[in-house]
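Q: The structure follows.
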Ligand code: AMP
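In the working numbering, the protein residues as written are 84 to 362.
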């Protein structure tokens, strides 16, 4: 496994593969790797000859009161896990490699970035598209894999790729959960044992809401009931039921429904979702 800490090393590796006619799958991450990230790596391996994983905590997607400084950094463990998965190359650039001389792209996220996470994290998706676009420029993958865990991000990236006509297929990876149902997340490291017990309630409420929607119970009543249960343990940022393709209200044309939520458990922000076919 080649570990490239600067752009030139990464460009050299990629250009050697291109000369050999190899296809490249790319999995961007911020490190603190868990089984959810590794499932994307396995998907990448199944979809291309070579796999690149990046580990970069991107400052431009964090708000000023967020956890950028404290974000878990576990590089050695991450590299051991990626080596065990037989990843071909890991890109671990510095901030200066991604944003040389303070250079910053002015790319803006498209319409799907509006609402949901953007409300509490203004500018977050602009930071995401800027870094992903920059990583795409360096790695020039044929395929890139993003988790459904960050559903709005997945749609925002798809929208960017389509708008810029980038020749990259975007694949989505299923959410990997703890046995308890809690969606795996690097930020789960912030939770105490007791908080982890409470956190699993989030997914249980989402499943219950899904059942109620499928039984065609009144949507507003169902959401109201779910919020009442959630608010016993969490501070709710949003709990929304939307068309999974447009992130707008459900209409007769809706084929897939998204239940999307973000909550705080004490100071830890958790997001989760369920995407399912309309009954
Ligand atoms: P992050 O390191 O949090 O930026 O995540 C990197 C990628 O892993 C993103 O595409 C996430 O959506 C994905 N991811 C994070 N958690 C999970 C999970 N529990 N299951 C599957 N994919 C995940």
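Beta carbons: idealized from backbone N, C-alpha and C, even for Gly.
Given a threshold of 16 other Cβ atoms within 10 Å of its Cβ, counted over all protein chains shown, does residue 207 qualify as buried or as exposed?
A: The residue is buried, with at least 16 neighbouring Cβ atoms inside 10 Å.
Q: Give a yes or no on whether the C-beta atoms belonging to residue 361 and residue 342 are separated by under 9 Å.
A: It is not a contact, given that the beta carbons lie outside the stated cut-off.
Q: Answer yes or no: do residue 226 and residue 109 have a C-beta to C-beta separation smaller than 9 Å?
A: In this structure, residue 109 lies closer than 9 Å to residue 226 by Cβ.
Q: Taking C-beta to C-beta, are residue 97 and residue 223 nearer than 9 Å?
A: Their beta carbons are under 9 Å apart, which means residue 97 touches residue 223 by this criterion.
Q: Hey, is residue 117 close to the ligand AMP, as in C-beta under 8 Å from one of its heavy atoms?
A: Yes; taking the cut-off as 8 Å, the Cβ of residue 117 has a heavy atom of the ligand AMP nearer than that.
Q: Between the segment 124-144 and the segment 169-176, do three or more beta carbon pairs fall short of 8 Å?
A: Enough Cβ pairs lie closer than 8 Å, so yes.
Q: If we ignore side chains and look at the alpha-carbon of each, how far apart do residue 352 and residue 189 end up?
A: Straight-line Cα distance between these residues: approximately 27 Å.
Q: Since residue 232 and residue 258 should fall inside the 8 Å C-beta cutoff, what is the C-beta to C-beta distance between them, to a whole number of angstroms?
A: Yes, residue 232 and residue 258 are in contact; Cβ-Cβ is about 5 Å, under 8 Å.
Q: Following a CB-centred definition, is residue 257 positioned closer than 8 Å to any heavy atom of the ligand AMP?
A: The answer is yes for residue 257.
Q: Which residue marks the beginning of the beta strand (DSSP E) containing residue 260, and which one marks its end?
A: From DSSP, residue 260 is part of no beta strand (DSSP E); its letter is neither H nor E.
Q: Considering only their Cβ atoms, is the gap separating residue 158 from residue 193 smaller than 9 Å?
A: Not closer than 9 Å, so no.
Q: Apart from the five residues just before and just after residue 296, which ones in its own chain have a Cβ nearer than 7 Å to its Cβ?
A: Counting only Cβ-Cβ distances below 7 Å, and skipping sequence neighbours, we find 302, 305, 324, 340.
Q: Should residue 195 be labelled buried (16 or more other beta-carbon atoms within 10 Å of its own) or exposed?
A: It counts as buried.
Q: Do residue 348 and residue 274 have their beta-carbon atoms positioned less than 9 Å apart in this structure?
A: Result yes, Cβ atoms of residue 274 and residue 348 sit closer than 9 Å.
Q: Runs of 4 residues minimum, wholly inside the segment 279-316: which ones carry the alpha helix (DSSP H) assignment?
A: Runs found: 284-297, 302-313.
Q: Roughly how many whole angstroms lie between the Cα atoms of residue 286 and residue 92?
A: When rounded, the distance between both Cα atoms is 42 Å.
Q: How about residue 266 and residue 354: are their beta carbons less than 9 Å apart?
A: Contact flag set, yes.
Q: Just the C-alpha distance for residue 294 and residue 329, rounded to the nearest angstrom, thanks.
A: About 22 Å.
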